[in-house]
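**Q** Here it is, the structure, as structure tokens.
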Amino acid sequence: MATITCKYTTVQIEFFTKNDVFRLACCCHDCTTALWYANKRGGPALPIHQCLDTSWFPNEFTIVTGEEKLGAFLNFENADTTRFYCTNCWSVLFADHPAYDKKVLVTQVMNYREFEGLANAELMPLQARHFVKDLSEEQLAALPAWRGDPSHVYQSAADILLAQFPAMKEAGKEGAEMNAQILLGKIGSAFIPTGEARLSEGPPTLMQQMAQAAEGSP
Ligand SMILES: [Zn+2]
Ligand SMILES: [Zn+2]
Numbered sequence: 595m596a597t598i599t600c601k602y603t604t605v606q607i608e609f610f611t612k613n614d615v616f617r618l619a620c621c622c623h624d625c626t627t628a629l630w631y632a633n634k635r636g637g638p639a640l641p642i643h644q645c646l647d648t649s650w651f652p653n654e655f656t657i658v659t660g661e662e663k664l665g666a667f668l669n670f671e672n673a674d675t676t677r678f679y680c681t682n683c684w685s686v687l688f689a690d691h692p693a694y695d696k697k698v699l700v701t702q703v704m705n706y707r708e709f710e711g712l713a714n715a716e717l718m719p720l721q722a723r724h725f726v727k728d729l730s731e732e733q734l735a736a737l738p739a740w741r742g743d744p745s746h747v748y749q750s751a752a753d754i755l756l757a758q759f760p761a762m763k764e765a766g767k768e769g770a771e772m773n774a775q776i777l778l779g780k781i782g783s784a785f786i787p788t789g790e791a792r793l794s795e796g797p798p799t800l801m802q803q804m805a806q807a808a809e810g811s812p
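When we follow the numbering used here, the leftmost residue of the sequence shown carries the number 595, and every step to the right adds one.
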């Protein structure tokens with residue numbers, strides 16, 4: 595069964611499956627900036643490219659060790675994504691998003707090179723690369739070549755991810771004993787860093803874009 599551990603294995607969580615329910619490469623500002631912030635707080639080094647391997651798993655897991663070391667943060671007030679991390683070593687472990695409807699969670703812990711954050715997992719091939727719009731020309735040029743279907747490179751949220759959400763939720767599960775929401779309840783609340791403009795000054799997130807679309811603004 596797939597496990598997620600922090601750098602020093604203080605925190606270890608275990609899923610009930612080896613398989614992810616979706617996988618893509620996310621180039622969005624928020625994902626990389628969250629790791630940048632965690633690194634600034636003493637966490638592991640982040641990849642040089644602003645594009646992170648990203649896998650979704652069912653929202654059902656057991657905390658093998660380190661429950662008391664788990665914390666949560668938002669990049670900014672009303673941010674879409676709640677990120678769970680080890681308060682000892684600032685490894686960012688996994689995250690929740692309202693679009694997941696409590697059925698799945700997402701992890702990018704495999705992007706750390708200093709340790710094997712995700713073990714015993716069988717990951718599907720990357721299905722897309724998305725939020726390319728968040729990259730500067732230089733950042734885009736520096737990315738490794740995309741070897742998948744050329745039509746699966748998306749400026750914003752990947753259409754195939756949005757199309758897969760129902761199937762991902764179907765394949766996912768809201769764990770009765772432990773899940774991201776139960777864990778957040780135990781932690782209390784996600785804290786919001788202050789004085790970190792880089793965290794909050796990114797381009798519009800998925801939820802912000804959807805809100806803008808709903809209002810009919812360009
Ligand atoms: Zn992202
Ligand atoms: Zn740790």
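We put the CB at the ideal spot given by N, CA and C, even for glycine.
#1: Where T656 and E771 are concerned, what is the direct C-alpha to C-alpha distance, given to the nearest angstrom?
#2: Could you check whether the stretch 645-652 touches the stretch 696-705, counting it as contact only if at least three pairs of C-beta atoms, one from each stretch, sit closer than 8 angstroms?
#3: Cutting at 6 angstroms between CB atoms, please list the residues of its own chain near T681, excluding the five before and the five after it.
#4: Quick one: does the C-beta of D690 sit closer than 7 angstroms to a heavy atom of ligand 1?
#5: Could you tell me the distance, in whole angstroms, from the CA atom of A752 to the CA atom of D728?
#6: Are there 16 or more other CB atoms within 10 angstroms of the CB of Y602, so buried, or fewer, so exposed?
#7: Residues with a Cβ closer than 5 angstroms to any heavy atom of ligand 1, in chain order?
#8: Among C622, W684, N714, A673, whose alpha-carbon lies nearest the alpha-carbon of Q802?
#9: Could you give the DSSP three-state label for N633: helix, strand or coil?
#10: Tell me whether the beta-carbon of A713 lies closer than 8 angstroms to the beta-carbon of H746.
#11: Indicate whether Y631 and P798 have their beta-carbon atoms separated by less than 8 angstroms.
#12: May I ask you to report which of helix, strand or coil DSSP gives Q702?
#13: Is Y602 near ligand 2, with its Cβ less than 7 angstroms from a heavy atom?
#14: Between the Cα of Q758 and those of K634, D614, V605, L737, spot the shortest distance and give me the residue it belongs to.
#15: Which residues bound the beta strand (DSSP E) around F670?
#16: Does the Cβ of M675 have 16 or more other Cβ atoms within 10 Å, making it buried, or fewer, making it exposed?
#17: Is E654 near G782, with beta carbons less than 8 angstroms apart?
#18: Closer than 8 angstroms, CB to CB, is M772 near chain C or not?
#19: Given a cut-off of 8 angstroms on the beta-carbon distance, is the pair H691 and G796 in contact?
**A** Looking at the atomic coordinates:
#1: 8 angstroms
#2: Short answer: they touch.
#3: K663, G665
#4: no
#5: 13 angstroms
#6: exposed
#7: Any heavy atom of ligand 1 within less than 5 angstroms of a residue's beta carbon puts that residue on the list, which reads C620, C622, C625.
#8: A673
#9: helix
#10: no
#11: no
#12: coil
#13: Y602 has its Cβ nearer than 7 angstroms to a heavy atom of ligand 2.
#14: D614
#15: Segment: none, F670 is in no beta strand (DSSP E) and carries neither H nor E.
#16: Per the sequence shown, residue 675 should be read as Thr rather than Met. The residue in question, T675, is buried, as its Cβ has 16 or more Cβ neighbours within 10 Å.
#17: no
#18: Note that chain C does not occur in the displayed structure, where there is just one protein chain.
#19: no
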